[in-house]
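S.K.: Line by line, the protein sequences give chains S and P.
Under full-length UniProt numbering, residue 205 is the last one in the first sequence; the count climbs by one each step, no gaps.
Under full-length UniProt numbering, residue 205 is the last one in the second sequence; the count climbs by one each step, no gaps.
Glycine residues also receive a C-beta, built at the ideal position from the N, C-alpha and C atoms.
Provided herewith is a single structure, encoded as structure tokens, for subsequent inquiry.
Protein chains: 2
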Amino acid sequence: MSDTDLFAAATDDTHAQMMQATYEALRKHGYSELTIQRIGDEFPKSKSLIYQHYDSKDELLVAFLEYLLEQFEADLPIGDDFENAKEHLEMLIEYALPNEFGDDHLDFARAVEALRGQAPHDEAYQEQFAATDAFYRRLTADVIRVGIEQGVFRDVDPEQTAAFIVASVHGARNQRVTADTAAPVRAARRELEQYIRTRLVADDQ
Amino acid sequence: MSDTDLFAAATDDTHAQMMQATYEALRKHGYSELTIQRIGDEFPKSKSLIYQHYDSKDELLVAFLEYLLEQFEADLPIGDDFENAKEHLEMLIEYALPNEFGDDHLDFARAVEALRGQAPHDEAYQEQFAATDAFYRRLTADVIRVGIEQGVFRDVDPEQTAAFIVASVHGARNQRVTADTAAPVRAARRELEQYIRTRLVADDQ
């Protein structure tokens, strides 16, 4: 996901501009140094507009998380464009866990995981992340179900398989930005591809 | 890991007492509300002792992460007690990702993942988490290597397999406490067990 995709609406939409300002401030300062003042510094309109919409930094950040989830859903490769469920699954994984993270994607992932670190002690954050995780899991399970119908995948449990794939993608992605390490993440992804080939893809494919 | 294991030395050791105080404060207040004052409130000796040892909250928290890693290493099921590498691997997974998280373990995992959320913007944290991840990965790869020698496991790539197992365990654990959800985590673990059975364990075992 590039910045351009994320804030495509930001040129003329106040809400999208506020979200982009939050993103830029989070990227520059990290969560613990983030203030509404610093978000305001990135916002092209009057700072008072931010205070009109949000009572606190936390309220603004929960709205920001909601926005990210909406963009994530809108941007994910979904739909009937995929003739083959295996290719669709590979696209879903590549989207969340690319073999090479570009700078934009890395900045985005850092911002998301920094917010995620607040979730253990904040229910509003927890709900947002639970919704994101559930959405990505549901989509993955749907693709697996289609693949079973197509005869591309074996008759596995779609929910259980999706839960495992999403957990491993999430874990590798989180490690990528919290331990700033690339090689083990690439190794994990290579093994994820082996897992899909040996456990999920039907023998005659 | 129970609190008792973590702070076994805390009854008479100032450093361990400081670490326990940090843990209790982090558990009660979360990262973003954590202050040296609040850590001092949990410390049985004079607060000035904390300031004598650490110039800032961040310095104290990096020392706390180091302490956690030491305890994690000391507490992990390592060594020659395991005749069977498959059982040893299962123990390693159960240790980090139990089927049922007890309250203590959940509190501990919440505290760790809250600190982890700071790592994208803090190199000292990143280094600590990179070291923890690398240690757990190395240990897992060693167990896989022993299993291959024993004929219990197939001739897989130990590092690649370990990277994948550790990423999926980490992802499920992180989801457990940041989305406060148990069912998908149990599903992911069940599928991890299937993966180990079908891809790792040798056919004649």
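For a minimum of 4 consecutive residues, which ranges assigned as the alpha helix (DSSP H) are wholly contained in the segment 157-189 of chain S?
M.R.: The qualifying runs are 158-178.
S.K.: Checking contacts by CB at 8 Å: is P:H170 closer than that to chain S?
M.R.: So yes, P:H170 belongs to the interface.
S.K.: Determine the contact status of P:I144 and P:T132, defining contact as a CB-CB distance below 8 Å.
M.R.: Contact: no.
S.K.: To the nearest angstrom, how far is the alpha carbon of S:G171 from that of S:E70?
M.R.: Distance between the alpha carbons of S:G171 and S:E70: 22 Å.
S.K.: I need the boundaries of the alpha helix (DSSP H) containing S:R145, first residue and last residue.
M.R.: Residues E123 to Q150.
S.K.: Within 10 Å of its beta-carbon, does P:A21 have 16 or more other beta-carbons around it, so buried, or fewer, so exposed?
M.R.: It counts as buried.
S.K.: If you run the structure through DSSP and keep just helix, strand and coil, what is P:F101?
M.R.: Note: P:F101 maps to coil in three-state DSSP.
S.K.: Short of 6 Å in beta carbon distance, which residues of its chain neighbour S:P158, apart from the five on each side in sequence? Order them along the chain.
M.R.: Result list for S:P158: A141, I144 and R145, in chain order.
S.K.: Quick one: using the 10 Å Cβ neighbour count with 16 as the cut-off for buried, is S:D155 buried or exposed?
M.R.: That one is exposed.
S.K.: Spatial neighbours of S:M1 within its chain, please: C-beta separation below 7 Å, excluding the five flanking residues on both sides.
M.R.: The pLDDT assigned to S:M1 is 49, lower than 50, so where the model puts this residue is not dependable, and the model offers no usable value.
S.K.: Exposed or buried, P:Q52, counting other C-beta atoms within 10 Å across all chains shown (16 or more means buried)?
M.R.: Burial call: exposed.
S.K.: Considering only their Cβ atoms, is the gap separating P:R110 from P:T177 smaller than 8 Å?
M.R.: First, the residue type needs correcting, since residue 177 of chain P is Val and not Thr in the sequence shown. In contact: P:V177 and P:R110 (Cβ atoms closer than 8 Å).
S.K.: What is the residue span of the alpha helix (DSSP H) that P:K57 lies within?
M.R.: Segment K57 to D75, the alpha helix (DSSP H) holding P:K57.
S.K.: Using a C-beta to C-beta distance shorter than 7 Å, which residues of chain P count as neighbours of S:T174?
M.R.: Here the sequence assigns Asn to residue 174 of chain S, which means Thr is not the residue at that position. By Cβ distance, chain P contributes H170, G171 and N174.
S.K.: Is DSSP giving P:F7 helix, strand or coil here?
M.R.: Correct three-state label for P:F7: coil.
S.K.: If you compare alpha carbons, which of P:P184, P:I50 and P:S56 is closest to S:R138?
M.R.: Per the Cα distances, P:P184.
S.K.: Return yes when at least one heavy atom of the ligand NAD lies under 7 Å from the C-beta of S:T140, else no.
M.R.: Questions concerning the ligand NAD fall outside what the structure shown contains, since it holds no ligand whatsoever.
S.K.: Are P:Q118 and P:Y23 close, meaning C-beta to C-beta below 8 Å?
M.R.: For P:Q118 and P:Y23, no; Cβs fall outside 8 Å.
S.K.: Give a yes or no on whether 8 Å exceeds the smallest Cβ distance from P:D133 to chain S.
M.R.: So yes, P:D133 belongs to the interface.
S.K.: What in chain S is Cβ-close to P:V177, meaning under 7 Å?
M.R.: Here the neighbours are P120.
S.K.: Is the Cβ-Cβ distance between P:A63 and P:F153 less than 8 Å?
M.R.: Going by C-beta atoms, P:A63 is not nearer than 8 Å to P:F153.
S.K.: Using the Cα positions of P:Y95 and P:R189, report the straight-line distance between them to the nearest angstrom.
M.R.: Rounded to whole angstroms, P:Y95 to P:R189 spans 12 Å at the Cα level.
S.K.: I need the boundaries of the alpha helix (DSSP H) containing S:Y51, first residue and last residue.
M.R.: First-last of the alpha helix (DSSP H) with S:Y51: S48 to H53.
S.K.: Where does P:H15 land, buried or exposed, given buried means 16+ other C-beta within 10 angstroms?
M.R.: It counts as exposed.
S.K.: Quick check: what's the CA-CA separation for P:R116 versus P:E149?
M.R.: Taking the straight line from one Cα to the other gives about 36 Å.
S.K.: Counting only Cβ pairs nearer than 7 Å, list the residues of chain S close to P:Q160.
M.R.: Chain S residues near P:Q160: A187, R190 and E191.
S.K.: Which first and last residues belong to the alpha helix (DSSP H) in which P:A16 is found?
M.R.: Taken as a continuous stretch (DSSP letters only), the alpha helix (DSSP H) holding P:A16 covers T14 to H29.
S.K.: How many Å lie between P:S48 and S:H121 at the Cα?
M.R.: Taking the straight line joining both Cα atoms gives about 28 Å.
S.K.: Does the beta-carbon distance from S:I39 to S:L65 come in below 8 Å?
M.R.: Their beta carbons are not under 8 Å apart, which means S:I39 does not touch S:L65 by this criterion.
S.K.: Strictly under 8 Å for the Cβ-Cβ distance: is P:A85 near chain S by that measure?
M.R.: Chain S contact via Cβ: absent.
S.K.: Look up P:F153 in the DSSP assignment and say whether it is helix, strand or coil.
M.R.: Of the three classes helix, strand and coil, the one that applies to P:F153 here is strand, per DSSP.
S.K.: Considering only the beta carbon of each residue, do S:A179 and P:A130 sit closer than 8 Å?
M.R.: Cβ atoms of S:A179 and P:A130: closer than 8 Å.
S.K.: Does S:M1 come within less than 8 Å of chain P when only Cβ atoms are used?
M.R.: Bear in mind that the predicted position of S:M1 carries a pLDDT of just 49, short of 50, making it too unreliable to give a figure here.
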